[in-house]
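Data block below; observations after.
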């Protein structure tokens, strides 16, 4: 699976309201014991992540995660930008995910997510 398709499948798992379809999208690309961490949660394994996604989608029905950048990768670590889009087209500030990949770059072993844009430092 090309890396962009892997990341797009991950984003699609966050966007599908059907629990079985989310599971079908996530399980083939999520390594056993993989972790997901963002400012609101730390989830270990697919079941914890699927439960977290379900809570997010219950709170924001019809919301989607859309990849908004190319996927940049080196040394088995990828980064990509995304946005959380509501059904009416409004969105939250863009986020950034760092994805750690297995040696074949076919499965995710860890995601670290950040919300909002980076703030420029006042130090020059």
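Residue numbers (our numbering): 54 to 177. Glycine included, C-beta positions come from ideal geometry on N, C-alpha and C. In this text, all values refer to a predicted model and were calculated from it rather than measured experimentally.
Quiz item: Can you list, in chain order, the residues of its chain whose CB lies under 6 Å from that of residue 66, leaving out five sequence neighbours each side?
Solution: 75, 78 and 79
Quiz item: Since residue 162 is in the beta strand (DSSP E), which residue starts that stretch and which ends it?
Solution: 161-168
Quiz prompt | CA-to-CA distance, residue 112 to residue 121, given in whole angstroms | solution = 23 Å
Quiz item: Would you report the Cα separation of residue 84 and residue 115, rounded to the nearest angstrom?
Solution: 27 Å
Practice problem: Spell out a yes or no on whether the region 82-101 and the region 155-169 are touching, meaning 3 or more CB-CB pairs, one atom from each, closer than 8 Å. | Solution: yes
Quiz prompt | Burial state of residue 102 (16 or more Cβ within 10 Å) | solution = buried
Practice problem: Can you tell me the Cβ-Cβ gap for residue 134 and residue 56, rounded? I've got them flagged as a contact below 8 Å. | Solution: In fact, because the Cβ distance is near 15 Å, the residues do not count as touching under 8 Å.
Quiz item: If you scan the region 65-151 from start to end, which runs of the beta strand (DSSP E) of 3 or more residues do you find wholly inside it?
Solution: 83-91, 94-97, 117-120, 125-127 and 130-138
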